Amino acid sequence: MDLTILWFCIVGFLFVGYFVLDGFDFGVGMSLPFLGKDDTDRRVLINTIGPVWDLNETWVIVAGAALFAAFPEWYATLFSGFYLPLLLILIALILRGVSFEYRHQRPEKAWKARFDRMIVVGSAVPAFLWGVAFANIVQGVALDANHDYTGSVFDLLNPYALLGGATTLLLFFTHGVVFVSLKTDGDIRARARTLATRSGAVTIVVAAAFLVWTTLAYGSLLSAVFALVAALALVVSFLANLRGREGAAFALMAGTIGFAVLSLFASLFPDVMPASNDAANSLTIENASSSAYTLQIMSWVALIFLPLILAYQGFTYWIFRKRVTRAHIPVEAAH
Numbered sequence: 001m002d003l004t005i006l007w008f009c010i011v012g013f014l015f016v017g018y019f020v021l022d023g024f025d026f027g028v029g030m031s032l033p034f035l036g037k038d039d040t041d042r043r044v045l046i047n048t049i050g051p052v053w054d055l056n057e058t059w060v061i062v063a064g065a066a067l068f069a070a071f072p073e074w075y076a077t078l079f080s081g082f083y084l085p086l087l088l089i090l091i092a093l094i095l096r097g098v099s100f101e102y103r104h105q106r107p108e109k110a111w112k113a114r115f116d117r118m119i120v121v122g123s124a125v126p127a128f129l130w131g132v133a134f135a136n137i138v139q140g141v142a143l144d145a146n147h148d149y150t151g152s153v154f155d156l157l158n159p160y161a162l163l164g165g166a167t168t169l170l171l172f173f174t175h176g177v178v179f180v181s182l183k184t185d186g187d188i189r190a191r192a193r194t195l196a197t198r199s200g201a202v203t204i205v206v207a208a209a210f211l212v213w214t215t216l217a218y219g220s221l222l223s224a225v226f227a228l229v230a231a232l233a234l235v236v237s238f239l240a241n242l243r244g245r246e247g248a249a250f251a252l253m254a255g256t257i258g259f260a261v262l263s264l265f266a267s268l269f270p271d272v273m274p275a276s277n278d279a280a281n282s283l284t285i286e287n288a289s290s291s292a293y294t295l296q297i298m299s300w301v302a303l304i305f306l307p308l309i310l311a312y313q314g315f316t317y318w319i320f321r322k323r324v325t326r327a328h329i330p331v332e333a334a335h
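Read left to right, the sequence shown gives residues 1 to 335 (the UniProt record's numbering).
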């Protein structure tokens with residue numbers, strides 16, 4: 001396989017891993033006002049992702065590093081043109097991480113409520129803006145002959161991109177709520193299943209609209225196949241949740257997000273950043289990539305370290321596989 005195609009696939013794989021794993025993180029964070037009746041409930045919710053949320057975020061760091069090294073022109077255009085949305089995502093992720101670490105440092109309700117709001121905002125903003133960003137990448141943006149973005153930030157907030165943002169927001173929210181039902185017990189588990197049913201119904205409608213729009217306007221045969229698999233997985237996940245099959249529902253939600261992201265990357269190929277104003281200005285996997293020697297070195301590094309990262313992450317999830325209940329919350333933390 002051509003190394004540029006191989007690295008396009010690797011970048012796609014890294015973003016699939018990031019959206020599947022940090023997606024349920026975002027969903028759990030956004031569910032705090034809906035599932036957290038008291039502080040103990042909110043501690044249960046946060047503890048379901050406590051051991052893994054920062055590990056999940058390493059995927060976006062690795063994806064960004066791979067993008068920079070394998071496709072520097074794509075990285076430069078993306079991070080200069082989408083500067084404000086990506087900066088907002090970064091700030092939101094920092095606020096969320098700080099809130100996880102500081103909310104339990106003092107017992108006052110106002111102190112915890114302030115950090116809880118930051119967790120909700122810090123989860124919702126990236127969940128929405130990642131969808132806006134990827135929808136714009138697939139749709140194409142105005143580029144000049146030097147591959148620089150010539151539009152404004154308001155041009156990025158077009159109807160298709162906003163629908164993409166709503167889709168990722170709802171997908172991640174439902175993914176997170178299903179994860180809560182899988183990782184908790186008792187009343188909060190039952191409430192999570194009910195909420196997953198309600199949000200899942202809305203998600204099916206919005207995600208179907210986005211996938212159909214993407215396939216008809218920008219898709220290929222391969223992207224259409226991935227979109228169909230994603231849609232089927234979403235519907236079956238909804239049915240599995242109704243029947244109380246939480247493990248199957250969560251795995252199918254992960255499959256939904258994974259195949260939806262694959263569908264977007266398949267829609268892009270062989271471009272990596274289409275120019276909406278002049279196709280000649282588009283960035284492709286060929287004119288955006290690093291030299292063949294650089295890609296060869298990167299391929300050997302990926303061959304060695306990617307399996308190690310996957311093994312370590314799998315081991316972490318195995319160690320912290322048990323359900324989290326209210327009984328696991330220390331008494332002093334329940335006040």
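Where is the CB? At the ideal position from N, CA and C, for every residue including glycine.
Here the structure is a predicted model, which means the values were calculated and not measured.
The alpha helix (DSSP H) enclosing residue i, as first and last residue numbers
{"i": "Asp-187", "result": "187-218"}
{"i": "Val-60", "result": "53-70"}
{"i": "Glu-101", "result": "83-102"}
{"i": "Asp-39", "result": "39-49"}
{"i": "Ala-249", "result": "246-268"}
{"i": "Tyr-312", "result": "292-319"}
{"i": "Asp-22", "result": "3-30"}
{"i": "Asn-277", "result": "Counting along the chain, Asn-277 falls outside any alpha helix (DSSP H), and DSSP gives it neither H nor E."}
{"i": "Asn-158", "result": "Element bounds for Asn-158: n/a, residue is neither H nor E."}
{"i": "Ala-230", "result": "221-242"}
Reduced DSSP category for residue i - H, G, I as helix; E, B as strand; rest coil
{"i": "Thr-184", "result": "strand"}
{"i": "Leu-283", "result": "strand"}
{"i": "Leu-143", "result": "strand"}
{"i": "Asp-116", "result": "helix"}
{"i": "Thr-36", "result": "Residue 36 is actually Gly in this sequence, not Thr. Coil at Gly-36, not helix or strand."}
{"i": "Glu-108", "result": "coil"}
{"i": "Ile-329", "result": "coil"}
{"i": "Ala-334", "result": "Since pLDDT at Ala-334 reaches only 45, below the 50 mark, its modelled position is unreliable, and the value read off the structure follows with that caveat. Reduced to three states, the DSSP call for Ala-334 is helix."}
{"i": "Ser-289", "result": "coil"}
Residue span of the beta strand (DSSP E) that contains residue i, given as start and end
{"i": "Val-272", "result": "271-273"}
Sheet register partners of residue i (DSSP bridge)
{"i": "Val-324", "result": "Thr-184"}
{"i": "Tyr-149", "result": "Leu-143"}
Residues of its chain near residue i, where Cβ-Cβ distance is below 7 Å and the 5 sequence neighbours each way are ignored
{"i": "Leu-14", "result": "Trp-59, Val-62, Ala-63, Ala-66"}
{"i": "Asp-116", "result": "Leu-32, Arg-42, Arg-103"}
{"i": "Ile-5", "result": "Ile-285"}
{"i": "Tyr-18", "result": "Trp-59, Val-60, Ala-63"}
{"i": "Ala-266", "result": "Ser-220, Leu-222, Ser-223, Phe-226"}
{"i": "Ala-70", "result": "Trp-7, Val-11, Ser-289, Ser-290, Leu-295, Met-298"}
{"i": "Asn-241", "result": "Val-178, Arg-193, Ala-196, Thr-197, Gly-200, Ala-249"}
{"i": "Arg-321", "result": "none"}
{"i": "Pro-274", "result": "Gly-140, Ser-282"}
Nonlocal neighbours in the same chain, by C-beta distance under 8 Å from residue i, ignoring five residues either side
{"i": "Asp-148", "result": "Thr-77, Ser-80, Gly-81"}
{"i": "Gly-247", "result": "Leu-182"}
{"i": "Leu-93", "result": "Glu-57, Gly-122, Pro-126"}
Spatial neighbours of residue i in its chain, beta-carbon cut-off 6 Å, leaving aside the 5 residues before and after
{"i": "Val-11", "result": "Ala-66, Leu-67"}
{"i": "Phe-134", "result": "Leu-264"}
{"i": "Asn-136", "result": "Leu-156, Ala-161"}
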